[in-house]
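Visitor: Residue numbers (my numbering), protein chains in the order written: chain X, 165 to 587; chain V, 165 to 587; chain U, 165 to 587. Cβ atoms here follow ideal geometry from the backbone N, Cα and C, with glycine treated the same way.
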Amino acid sequence: MSLVEALYPICRSITGDGVRKTLEIVSGWLPLDVTEVPSGSQAFDWTVPDEWNVRDAWIEDLEGRRIVDFRDSNLHVLNYSIPVDSEMDRSTLDEHLYSIPEHPDWIPYRTTYYAEQWGFCLPHRVRESLEDARYRVRIDADRSPGSLTYAECVVPGESEREILVYTHTCHPSLCNDNLSGIAVAAAAGARLLSGEKPRYTIRLVFGPGTIGSIVWLSRNREQLQRIVHGLAIGLLGDNAPFTWKRSRRGTAEVDRVAEYVLGRRSNDNRIIGFSPYGYDERQFGSPGIDLPVGRLTRSENGGYPEYHSSADNLDLVTEDRLAESVEVVMEILQILDKNRYFVNQEPFCEPQLGQRGLYRKTGGSEIPDRESAMLWLLNQCDGRHSLLDVAERADIAFDILAATAAELLDARLLADRSTQETE
Amino acid sequence: MSLVEALYPICRSITGDGVRKTLEIVSGWLPLDVTEVPSGSQAFDWTVPDEWNVRDAWIEDLEGRRIVDFRDSNLHVLNYSIPVDSEMDRSTLDEHLYSIPEHPDWIPYRTTYYAEQWGFCLPHRVRESLEDARYRVRIDADRSPGSLTYAECVVPGESEREILVYTHTCHPSLCNDNLSGIAVAAAAGARLLSGEKPRYTIRLVFGPGTIGSIVWLSRNREQLQRIVHGLAIGLLGDNAPFTWKRSRRGTAEVDRVAEYVLGRRSNDNRIIGFSPYGYDERQFGSPGIDLPVGRLTRSENGGYPEYHSSADNLDLVTEDRLAESVEVVMEILQILDKNRYFVNQEPFCEPQLGQRGLYRKTGGSEIPDRESAMLWLLNQCDGRHSLLDVAERADIAFDILAATAAELLDARLLADRSTQETE
Amino acid sequence: MSLVEALYPICRSITGDGVRKTLEIVSGWLPLDVTEVPSGSQAFDWTVPDEWNVRDAWIEDLEGRRIVDFRDSNLHVLNYSIPVDSEMDRSTLDEHLYSIPEHPDWIPYRTTYYAEQWGFCLPHRVRESLEDARYRVRIDADRSPGSLTYAECVVPGESEREILVYTHTCHPSLCNDNLSGIAVAAAAGARLLSGEKPRYTIRLVFGPGTIGSIVWLSRNREQLQRIVHGLAIGLLGDNAPFTWKRSRRGTAEVDRVAEYVLGRRSNDNRIIGFSPYGYDERQFGSPGIDLPVGRLTRSENGGYPEYHSSADNLDLVTEDRLAESVEVVMEILQILDKNRYFVNQEPFCEPQLGQRGLYRKTGGSEIPDRESAMLWLLNQCDGRHSLLDVAERADIAFDILAATAAELLDARLLADRSTQETE
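#1: Report all residues from its chain with a CB closer than 7 Å to the CB of S473 (chain V); omit the five preceding and five following residues, and keep chain order.
#2: Could you tell me whether the Cβ of W216 (chain U) comes closer than 9 Å to any Cβ of chain X?
#3: Evaluate D479 (chain V) with the Cβ neighbour count: other Cβ atoms within 10 Å of its Cβ, from every protein chain shown; 16 or more gives buried, anything less gives exposed.
#4: Would P336 (chain V) be called buried (16 or more neighbouring beta carbons within 10 Å of its own) or exposed?
#5: Please classify G414 (chain V) as buried or exposed, where buried requires at least 16 other C-beta atoms within 10 Å of its C-beta.
#6: Output the residue ranges of the alpha helix (DSSP H) runs that lie fully inside the segment 348 to 434 of chain X and measure 4 residues or longer, sorted by chain position.
#7: Alpha carbon to alpha carbon, how far is D419 (chain X) from P202 (chain U)?
#8: I want to know whether the segment 315 to 329 of chain U touches the segment 237 to 248 of chain U - three or more CB-CB distances under 8 Å.
#9: For chain V, check one thing: does any of its Cβ atoms lie closer than 9 Å to the Cβ of R504 (chain U)?
#10: Going straight from the alpha carbon of I496 (chain V) to that of K185 (chain X), what length do you get?
#11: Which runs of the beta strand (DSSP E), 3 residues or longer, sit entirely within the segment 187 to 219 of chain X?
#12: Am I right that Y443 (chain X) and G373 (chain X) are in contact with their C-beta atoms under 8 Å? What's the rounded C-beta distance?
#13: Compile a chain-ordered list of the residues in the segment 546 to 564 of chain U whose CB is closer than 7 Å to at least one CB of chain V.
#14: Does the beta-carbon of E136 (chain U) have 16 or more other beta-carbons within 10 angstroms, so that it is buried, or is it exposed?
#15: Once DSSP output is grouped into helix, strand and coil, what is the label at L541 (chain X)?
#16: Report the three-state DSSP secondary structure of M165 (chain U) (helix, strand or coil).
#17: Grouping DSSP H, G and I as helix and E and B as strand, with all else coil, what is G442 (chain V)?
#18: To the nearest whole angstrom, what separates the beta carbons of A349 (chain V) and I391 (chain V), a pair I think is in contact under 8 Å?
#19: Give the C-beta separation of V319 (chain V) and L357 (chain V) to the nearest angstrom, bearing in mind that I take them to be a contact with Cβ-Cβ under 8 Å.
#20: Along the segment 506 to 517 of chain V, what residues have a CB closer than 9 Å to any CB found in chain X?
#21: For L578 (chain X), would you say it is in contact with chain U, using Cβ-to-Cβ distances shorter than 9 Å as the test?
#22: Return yes when the Cβ of I366 (chain U) is within less than 9 Å of the Cβ of L167 (chain U), no when it is not.
#23: Using a Cβ cut-off of 9 Å, pull out every chain X residue sitting near L542 (chain V), in sequence order please.
#24: Just how far apart, CA to CA, sit N340 (chain X) and R412 (chain U)?
#25: Look at A579 (chain U) and V507 (chain U) and say whether their C-beta atoms are less than 9 Å apart.
#26: Shorter than 9 Å from the beta carbon of F284 (chain X) to some beta carbon of chain V?
#27: Would you mind telling me which residues of chain U sit closer than 8 Å to I378 (chain V), beta carbon to beta carbon, in chain order?
#28: Hey, could you find the ends of the alpha helix (DSSP H) L500 (chain U) is sitting in?
#29: List, in chain order, every chain U residue whose beta-carbon is nearer than 8 Å to that of S474 (chain X).
#30: If you measure between the beta carbons of R410 (chain U) and G437 (chain U), is that distance less than 9 Å?
#31: Quick check on D253 (chain V): buried or exposed, where buried means 16 or more other Cβ atoms within 10 Å of its Cβ?
#32: Tell me the rounded alpha-carbon separation between L381 (chain V) and E491 (chain U).
#33: Could you give the distance in angstroms between the alpha-carbon of V198 (chain X) and the alpha-carbon of C175 (chain X)?
#34: List the whole-angstrom C-beta distance separating A315 (chain U) from L395 (chain U), where the pair is believed to meet the contact cut-off of C-beta under 8 Å.
#35: Short check: CB of A279 (chain U) to CB of N217 (chain U), under 9 Å?
Structure (structure tokens):
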């Protein structure tokens, strides 16, 4: 939550100094490699736009009273507005104003990344109160060659195969969307770096939405086959249950793991199908890329009243919910990491567990959980069923199965399929 | 409805002048190619039977009072009766009578195509009133060498691949079964001929039930691979919701299209599995033929009280329902025709729609239908998903998707898979 | 039931004279081939244990009053106890006692096959009444080299391909578990031997649980590919509905047949998934064996209060229920035997059934069952659908279909796929 609070005041966009300052603060939590991609660079069908920076902006009446002031909220400026400095009549001004009649006290968040426009976002109540004939408006901003900024943190694993975690950094003062995602990614990354070396390499990417993942994908095109699992994360601080949006493939291993984790935690958690709108999962799921990347959020994009408005503020996000979100991300990553394929080394009938001290000595009428886990593992581990497959079929917790598999591995009753294959 | 009314009085059977007169009247609506297949011709396991024509038929008491008269209703004669001219006692006569005790005022419709029998169908009330010791009976009919008659109307398409529409013409004065099917086929055919040239060639066949489709199939055996979709239609004027009976394959494209059309029109419409009885779909679905031909009706065969009786008359069928049936047939044909496979030409991430003027300029919190259709098409069009696949997955109306696909085709963001393959 | 009563008093275990005496009595019902496998023989990961025989056993107080006496119930001795002859204090004795507090009048059944222990099983009420300081205990038993005994009865069929029926013989005086299974197997075997020669060879195996099937499998490893279907049977005399436990494969033909038979008999019958505990199906379903062997019981193992206690006695099992179980076993075996693949010899459209005298002569509005069976068979018999497939799809009883298929075979409209392939 302290990270969310530190990042809240900064005016971010898809490029600019606000993003750089954000990444600098995040780098206090975990080491980041920052990449700057010059304006004009080609990325598939897209071109990196000019960089946008805004210094000040206001609407004044002719007596110089400020009606709308960027210093009060960076949402007031239509994001990526071109500069303006002019006096105009009310109806002309009104064509450049955005408000939400249903929530007259909230400032909406609107953008104009790829069109040369300017505008102001303001509470509908303020807009309705504009009664003068003429107003003065000023947006002191640049759209000029610069660069697009993204950052990566790599947690090295035993294998070069990677799990990708992507979160978007382009939204200004909106807490749930997406300071929550940035904070959860930072906290998970810090825990991964201080923990045991994972099997998979884990790559966390902090970049702007849409153009950020497009630029990242175009610059890493040759290495995409390394990515075996992926999660786009965001919107992880509000009070909704968790939502897993399936990857385009729908039944990728990451989908099954996420559904397993969410399903065991609460029946309120939701699984939804892939759709080509939302966050960066839509780029990872484009037909030419088609990586197994799903999305973890609490509310969905557009799924809560405060979405894309000034009401998505520090009150909407709590420390507890952020911490729980970190747990869920970690659990998904850990199960992906531990979800191996084993092969029973004594596959003809059951091995004699008692002889190996793995079994209770007096036959009775009930079977303990650990023995049940052993029997299921020995029965199902033919190289075609993963630990998760066994966990789901046997309805035994993944952790118990993983621990029991380690015992059977020690007893040489199981072998790791991948190890066995390379022997 | 005027066509139904014109055809109602005619005595039809699987062969004979009634069928010829029927096809002559239909040819006032759309051009027909009439084929005559001589009696004795072999058709797979069957032989075309002798032609049947009946001139007059009656039962009289010995005073010459007519009890049953063919001129009142052609249903009175057991269809395909051999001639008879005789006086007999009541109990002998009764062995040749057919009636429906549950509906004592209705004349049943019965046939004896392949057995040398004669008989009369009559209201049960009349049968019960026969009290004399002896009666005179006369059926002035021929079963003699002639031919079996069927007719075709071909709507030429861009491709030689065909959609087949078959409707049975063999029933005498029964309106729903199947003057309704004849009328709907004729109206649909007329509309197809006056409309834009379709992609597929569409072939409408008007032939007798069972022996007609068997004869047609045996004479067209070398060309059957042209048929990519097919519908047997009939029973389309009564007040039941629509019923789609799946092709033998069960998941053919025509099944999916028909289920889509019926499902979106009304929840009352029904989808039923294939079964080897009913109308000509049973021949198209025999194991050696196995064409993707399903069946569209309202009530099923045997599925309404008036079925195969004199109560299946002009009161059972209405203009409105016939018109709605034409709409449904046309909609199925049109979706089959438009259901193409496209390939996204910018498959790496999303293309920049804004740059091409295809996207609204200011980012907000809701997504318009047309943009949603674009995103779904760009995401799913990898050559493996048809427009219908996308419509079902995205829950967007097929028409909107088809129109949007045309826009994306113009913008060169989509290409037609079949065109692309031949380039 | 008379067989159950004859076998009830005998003290059985996984080896020993009790098993031999049991098989001798069973051989009065059907001829058995008895196999003796010497102690120390290797069977996959297992070794045949020393043979166990017990002559007498008791707990006495120091005045010589017998508190617990093997002659009252052979359950009193912990099965496979090593000998003991000693005086000891009450608390030491208590470590060797087994009772069921929830059912204070029942003697539990417990075993120690693979650990060198001794013990007594007794009613909890008796255990609680032990108040003396010291007791004398005696178990006059041997665990010494001998052999493990199993028996087979083979019902020869036209083919060398086999259906395996396995039932466990190792439990002492417990009626449902598993004198019921032994009796049902014996009665079914006797009926099969006196009936028509089946298509498949049917092999009934009477052997101890776990070690018995392991030994049998290890000694028949080269012939296992003969086994095309299998049932482990047991617990068939209690008043529960039937339970089919699916084979490891889950969708084997025997699973489908058993589910069909149980489903048509009662909605109370249950189908459960495979799990690696229970009876000998767990060995047949080990990953290296993986035979299509499911399990038929009434209650499941552990699924009734009297399970593994002295209350599983002659009162729990009735003649009627045993007889019904024999019927179910026979029905499963018969459908497996009759479930063939036929091929329509006139596959192009329907054959003309009327011409062949297979069809009623006057067309009406309803279709008789036998004709419906003919049409379904002619439509579905393309060599890819078995009789059971047709029975399930058409919802026509298997028996009616099998009889109708025989008619069509006579009329040369169907051919047996296997016969046709070899022609």
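Guide: Concretely, from the data shown:
#1: Excluding positions up to five away in sequence, the list reads I264, H267, W270, I271, P272, Y273.
#2: Interface residue (Cβ-Cβ distance to chain X less than 9 Å): W216 (chain U) is not classified as such.
#3: Of the other Cβ atoms in all chains shown, fewer than 16 fall within 10 Å of the Cβ of D479 (chain V); this residue is therefore exposed.
#4: By the neighbour-count criterion, in which 16 or more other beta carbons inside 10 Å mark a residue as buried, P336 (chain V) falls on the buried side.
#5: By the 10 Å Cβ count, G414 (chain V) comes out exposed.
#6: With a minimum length of 4 residues, the continuous alpha helix (DSSP H) runs that stay inside the segment 348 to 434 of chain X are 375 to 383, 417 to 429.
#7: Rounded to whole angstroms, the separation of the alpha carbons of P202 (chain U) and D419 (chain X) is 53 Å.
#8: No contact exists between the segment 315 to 329 of chain U and the segment 237 to 248 of chain U.
#9: Chain V, which has no Cβ nearer than 9 Å to the Cβ of R504 (chain U), makes this no.
#10: The straight-line gap from Cα to Cα measures roughly 58 Å.
#11: Within the segment 187 to 219 of chain X, the complete beta strand (DSSP E) runs of at least 3 residues are 197 to 202.
#12: Right, the Cβ-Cβ distance comes to about 6 Å (below 8 Å), so this counts as a contact.
#13: Cβ contacts with chain V: D546.
#14: Outside the shown range of chain U, which is 165 to 587, sits residue 136 (chain U), and nothing can be said about it.
#15: In the structure shown, L541 (chain X) sits in a helix (DSSP, three-state: H, G or I).
#16: Here M165 (chain U) sits in coil by DSSP.
#17: In this structure, G442 (chain V) counts as coil in the three-state DSSP scheme.
#18: Contact annotation, A349 (chain V) with I391 (chain V): C-beta distance approximately 16 Å; criterion of less than 8 Å not satisfied.
#19: About 6 Å; that satisfies the 8 Å criterion.
#20: Answer in chain order: V507, N508, E510, P511, F512, C513, E514, P515, Q516.
#21: Cβ-Cβ to chain U under 9 Å: no for L578 (chain X).
#22: Cβ distance not < 9 Å, so L167 (chain U) and I366 (chain U) don't count as in contact.
#23: Chain order gives the chain X residues near L542 (chain V) as P440, S450, P451, where near means a beta carbon separation below 9 Å.
#24: Each residue's Cα considered, the two are about 48 Å apart.
#25: In this structure, V507 (chain U) lies closer than 9 Å to A579 (chain U) by Cβ.
#26: Residue-level contact check: F284 (chain X) does not touch chain V, since none of the beta carbons of chain V fall below 9 Å from its beta carbon.
#27: Within 8 Å Cβ-Cβ: C513, E514.
#28: L500 (chain U): member of the alpha helix (DSSP H) spanning 483 to 502, first to last residue.
#29: For the C-beta of S474 (chain X), not a single chain U residue is nearer than 8 Å; the gap to the nearest is close to 54 Å.
#30: Yes, the Cβ-Cβ distance between R410 (chain U) and G437 (chain U) is below 9 Å.
#31: Flag for D253 (chain V) reads exposed.
#32: One C-alpha to the other measures close to 48 Å.
#33: If you draw a straight line from the Cα of V198 (chain X) to the Cα of C175 (chain X), it is about 19 Å long.
#34: Actually they are not in contact, since the Cβ atoms of A315 (chain U) and L395 (chain U) sit about 17 Å apart, beyond 8 Å.
#35: The beta carbons of A279 (chain U) and N217 (chain U) sit no closer together than 9 Å.
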